[in-house]
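Asker: Position 163 of the sequence shown, counting from 1, maps to 162 under numbering that gives the first Met the number 0, and the rest follow consecutively.
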Amino acid sequence: MKFKRLILLLVILAGITSKCKNQKENHTQSTAFQVDKMLQGTLIQLGRLKQVAEKEQRIPRTVSADGEIHWTNTKFDWTEGFFPGSLWYAFEVSEDAKWQQAAEKSQIMFEAHKLLTTNHDLGFIFNSSYGNAYRLTGNESYKDVLLTAAESLSTRFNLQVGCIKSWDVDSGWQSERNWTFPVIIDNMMNLELLFKAAEFNADDKFAHIAITHANTTLENHYRRDNSSFHVVDYDPDTGKVRSKETAQGFSNKSAWARGQAWGLYGFTVCYRYTKDERYLEQANKIATYILKRNNENDDGLPFWDYDAPITPTTLVDVSAAAITASALIELDGYTEKSYRDSIEEMLKTLASEKYTAKRGENHNFILMHSVGSIPHENEIDVPLNYADYYYIEALVRYKESYGLNNHKT
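#1: In terms of residues, what are the limits of the beta strand (DSSP E) holding K243?
#2: Going by DSSP in three states, Y221 sits in which element: helix, strand or coil?
#3: Among K36, L48, Q39, which one has its Cα closest to the Cα of L383?
#4: Check R292 in the structure and name its three-state DSSP category.
#5: Contact check, S378 vs T71 under 8 angstroms by CB: the rounded distance?
#6: Let me check understanding here. Comparing Cα to Cα, which of A307, A356, D387 lies closest to A324?
#7: What whole-angstrom Cβ distance do I183 and S170 have, given they're in contact under 8 angstroms?
#8: Only counting the same chain, and skipping five residues up and downstream in sequence, which positions put a Cβ closer than 8 angstroms to that of S105?
#9: Apart from the five residues on each side of it in sequence, which residues of its chain come closer than 6 angstroms, Cβ to Cβ, to S153?
#10: If you draw a straight line from the alpha carbon of L115 to that of L121, how long is it in whole angstroms?
#11: Just mark L42 as buried or exposed, buried being the case when its beta carbon has 16 or more other beta carbons within 10 Å.
#12: Starting from Y388 and walking both ways along the alpha helix (DSSP H), at which residues does that stretch end?
#13: Going by DSSP, which residues form a beta bridge with T215?
#14: So, helix, strand or coil for Y333, using DSSP?
#15: Bridge partners for D304 per DSSP, in chain order?
#16: Given H112, which residues of its chain have a CB within under 7 angstroms of its CB, disregarding the five upstream and five downstream residues?
#17: Do the CB positions of N118 and L192 come within less than 7 angstroms of each other?
#18: Apart from the five residues just before and just after A96, which ones in its own chain have a Cβ nearer than 8 angstroms to its Cβ?
#19: Can you give, in chain order, each stretch of the alpha helix (DSSP H) that sits fully within the region 170-202 and has at least 4 residues?
#20: Within 10 angstroms of the Cβ of H448, are there 16 or more other Cβ atoms? Answer buried if so, exposed if not.
#21: When you compare each of S226, M37, A246, W77 to Y288 by their alpha carbons, which one comes out closest?
#22: With DSSP as the reference, please indicate the residues paired to V315 in a beta bridge.
#23: Indicate whether the contact test is met: 3 or more Cβ pairs, each with one atom in the region 234-253 and one in the region 188-207, closer than 8 angstroms.
#24: Need the endpoints of the beta strand (DSSP E) that W166 sits in, please.
#25: Hey, how far is the Cα of V273 from the Cα of E198?
#26: Is the beta carbon of L366 less than 7 angstroms from the beta carbon of Y354?
#27: Among residues of its own chain, excluding the 5 on either side of Y389, which ones have a beta-carbon nearer than 6 angstroms to its beta-carbon?
#28: Can you grab the Cα-Cα spacing for the pair A260 / A319, in whole Å?
#29: Is I342 near L327, with beta carbons less than 7 angstroms apart?
#30: If you check the beta carbons only, do D316 and A256 fall under 7 angstroms apart?
#31: Pick out whichever of Q50, W303, G265, Q44 has its Cα sitting closest to the Cα of I373.
#32: Let's see if you can read the secondary structure: which residues bound the beta strand (DSSP E) around E378?
#33: Extract the residue ranges of the alpha helix (DSSP H) inside the region 24-69, only unbroken runs of 4 or more that lie entirely within it.
#34: Could you give the residue range of the beta strand (DSSP E) that holds G371?
#35: Would you say F156 and P235 are within 7 angstroms of each other, going by their C-beta atoms?
What follows is the structure, encoded as structure tokens:
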């Protein structure tokens with residue numbers, strides 16, 4: 000009798016296991032279909048923007064207040080690498096050479112900027128463009144560009160401070176802030192270029208700069224609740240902190256949403272290259288903070304600043320959501336804690352009609368409702384090329400990370 004009951008129990012358990020397995024497989028197939036559909040839509044929209052950009056021989060950045068495409072500044076623009084980066088992802092997904100050709104024509108427009116030492120944004124610019132180009136083609140000339148850009152970026156490192164200087168303060172609005180050595184949380188995104196350069200030529204100098212910058216940021220940028228200040232200003236002679244402020248957030252004490260996303264992405268990358276558990280721990284802490292604060296919005300997407308007054312007109316920053324989604328996918332591969340449900344909800348919301356433009360609309364940018372800088376009254380509630388870039392990256396990463404195809408990121 001006991002033996003029969005045991006057999007019956009095993010049969011029941013086998014049925015439950017089979018049912019759960021089928022449910023999981025159905026879930027994966029359903030999600031795969033949705034992500035494929037999202038990617039197909041993005042490529043159609045991106046293809047239309049590509050045609051306009053090729054005709055103008057310029058790089059699209061956003062839509063201006065007068066409703067026209069605003070192109071990147073040819074002298075220098077921190078966003079200039081994202082559009083060719085999106086084209087490289089389109090090439091990866093489709094394996095159609097037209098995307099590669101368009102990406103190469105686009106990024107050559109700013110290749111000379113690899114020599115600039117007056118700005119910290121070289122990681123943003125060259126990782127998204129030439130970094131993807133080298134990853135997908137193995138062309139050694141692209142690696143040379145990355146190495147040159149890394150060398151230029153490294154000139155902004157101050158050993159006494161332990162950081163790469165973000166902005167020069169001798170002109171523009173930065174000169175009015177009384178800063179001497181400002182370091183912004185965004186700068187965490189430039190470290191990947193240095194880590195790559197260290198791998199390319201086995202030069203510990205680049206890795207040392209990246210690790211030192213990350214450690215200094217970990218020590219001085221984060222509050223007890225694991226939110227980040229936007230700007231920390233240092234004394235370049237002593238390395239002491241002079242002030243902790245914001246440039247694009249609601250207040251000096253607030254948590255600017257895109258800044259939190261930059262930190263999450265940056266520390267996840269640092270863990271990828273170093274396997275230092277401190278970086279993984281910090282990335283998880285930031286993720287927990289972001290997801291908790293995102294729940295304050297019914298859509299589950301971040302308001303432009305987590306501490307801005309919430310009213311019916313408080314703006315969401317879709318760019319922060321796209322960056323977060325992409326970072327969480329990579330982080331999910333390193334930690335026992337699962338972020339997959341949060342990732343999927345975020346991607347589904349971004350793909351909704353509320354945030355994804357109809358084909359042929361939105362000047363052919365993919366996502367709507369991003370925020371550049373409200374304090375500067377610049378790029379408010381508009382599409383942004385980097386929002387599109389990180390959204391496409393997130394979709395490609397999702398497929399790779401959850402075994403839905405063989406693409407590498």
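All C-beta atoms in this analysis are idealised placements derived from N, C-alpha and C, irrespective of residue type, glycine included. These numbers were taken from a predicted model, which means no experiment stands behind them.
Answerer: Answer, in terms of the structure:
#1: Your numbering for residue 243 matches position 244 in the sequence shown. It spans 240-244 - the beta strand (DSSP E) in which K243 sits, taken as one unbroken run.
#2: In the sequence shown, residue 221 corresponds to position 222, counting from 1. In this structure, Y221 counts as strand in the three-state DSSP scheme.
#3: Translated into positions along the sequence shown, residue 383 becomes position 384. Of the listed residues, the one whose Cα sits closest to L383 is L48.
#4: Within the sequence shown, the letter at position 293 stands for residue 292. In this structure, R292 counts as helix in the three-state DSSP scheme.
#5: Residue 378 sits at position 379 when you count from the first residue of the sequence shown. Residue 71 sits at position 72 when you count from the first residue of the sequence shown. According to the sequence as given, residue 378 is Glu; it is not Ser. Not quite, the Cβ-Cβ distance comes to about 12 angstroms (not below 8 angstroms), so this is no contact.
#6: Counted from its first residue, the sequence shown places residue 324 at position 325. With distances taken between Cα atoms, A324 lies closest to D387.
#7: As a working mapping, residue 183 is identified with position 184 in the sequence shown. As a working mapping, residue 170 is identified with position 171 in the sequence shown. That belief does not hold up - the Cβ atoms of I183 and S170 are roughly 17 angstroms apart, past 8 angstroms.
#8: For the purposes of this step, residue 105 is taken as the residue at position 106 of the sequence shown. For S105, where only same-chain residues beyond five positions count, the Cβ hits under 8 angstroms are A52, I58, F82, P83, L86, S128.
#9: Mapped onto the sequence shown, residue 153 falls at position 154. Within the same chain, S153 has close Cβ partners I208.
#10: Translated into positions along the sequence shown, residue 115 becomes position 116. Translated into positions along the sequence shown, residue 121 becomes position 122. If you take the alpha carbons of L115 and L121, they lie about 8 angstroms apart.
#11: Counting from one through the sequence shown, the residue named residue 42 turns up at place 43. The residue in question, L42, is buried, as its Cβ has 16 or more Cβ neighbours within 10 Å.
#12: Here residue 388 is taken as the residue at index 389 of the sequence shown, counted from 1. Where Y388 is concerned, the enclosing alpha helix (DSSP H) stretches over 384-400.
#13: Numbered from its first residue, the sequence shown carries residue 215 at position 216. T215 is not bridged to any residue.
#14: Here residue 333 is taken as the residue at index 334 of the sequence shown, counted from 1. Note: Y333 maps to coil in three-state DSSP.
#15: Within the sequence shown, numbered from 1, the residue matching residue 304 stands at position 305. Answer by DSSP bridge pairing, in chain order: W255.
#16: Position 113 of the sequence shown, counting from 1, holds the residue named residue 112. F75, I124.
#17: Working through the sequence shown from its first residue, we reach residue 118 at position 119. Working through the sequence shown from its first residue, we reach residue 192 at position 193. Not closer than 7 angstroms, so no.
#18: Walking along the sequence shown from the start, residue 96 turns up at place 97. Taken in chain order, the residues that qualify are F90.
#19: 190-200
#20: Residue 448 is absent from the model: the chain starts at 0 and stops at 408.
#21: Your numbering for residue 288 matches position 289 in the sequence shown. If we check each option's Cα against that of Y288, S226 comes out closest.
#22: Counting from 1 along the sequence shown, the entry for residue 315 is found at position 316. For V315, which the question treats as bridged, DSSP gives the partners F302.
#23: no
#24: Residue 166 sits at position 167 when you count from the first residue of the sequence shown. Note, W166: premise wrong, no beta strand (DSSP E); not H, not E.
#25: Position 274 of the sequence shown, counted from the start, is the residue given in the question as residue 273. Position 199 of the sequence shown, counted from the start, is the residue given in the question as residue 198. What sits at residue 273 in the sequence shown is Thr, not Val. Whole-angstrom Cα-Cα distance: 12 angstroms.
#26: The residue given as residue 366 occupies position 367 in the sequence shown. The residue given as residue 354 occupies position 355 in the sequence shown. Yes. Within cutoff.
#27: In the sequence shown, residue 389 corresponds to position 390, counting from 1. Only A321, I322, S325 meet the Cβ criterion.
#28: Here the question's residue 260 lines up with position 261 in the sequence shown. Here the question's residue 319 lines up with position 320 in the sequence shown. Roughly 6 angstroms between the two C-alpha positions.
#29: Here residue 342 corresponds to residue number 343 of the sequence shown, with the count starting at 1. Here residue 327 corresponds to residue number 328 of the sequence shown, with the count starting at 1. Yes, Cβ-Cβ distance for I342 and L327 is below 7 angstroms.
#30: Looking up residue 316 in the sequence shown gives position 317. Looking up residue 256 in the sequence shown gives position 257. In contact: D316 and A256 (Cβ atoms closer than 7 angstroms).
#31: What you label residue 373 is simply residue 374 of the sequence shown in a count that begins at 1. The option with the nearest alpha carbon to I373 is W303.
#32: If you number the sequence shown from 1, residue 378 lands on position 379. It spans 377-381 - the beta strand (DSSP E) in which E378 sits, taken as one unbroken run.
#33: none
#34: By 1-based counting over the sequence shown, the position of residue 371 is 372. Note, G371: beta strand (DSSP E), 369-372.
#35: In the sequence shown, counting from the first residue as 1, residue 156 sits at position 157. In the sequence shown, counting from the first residue as 1, residue 235 sits at position 236. The answer is no: Cβ separation not under 7 angstroms.
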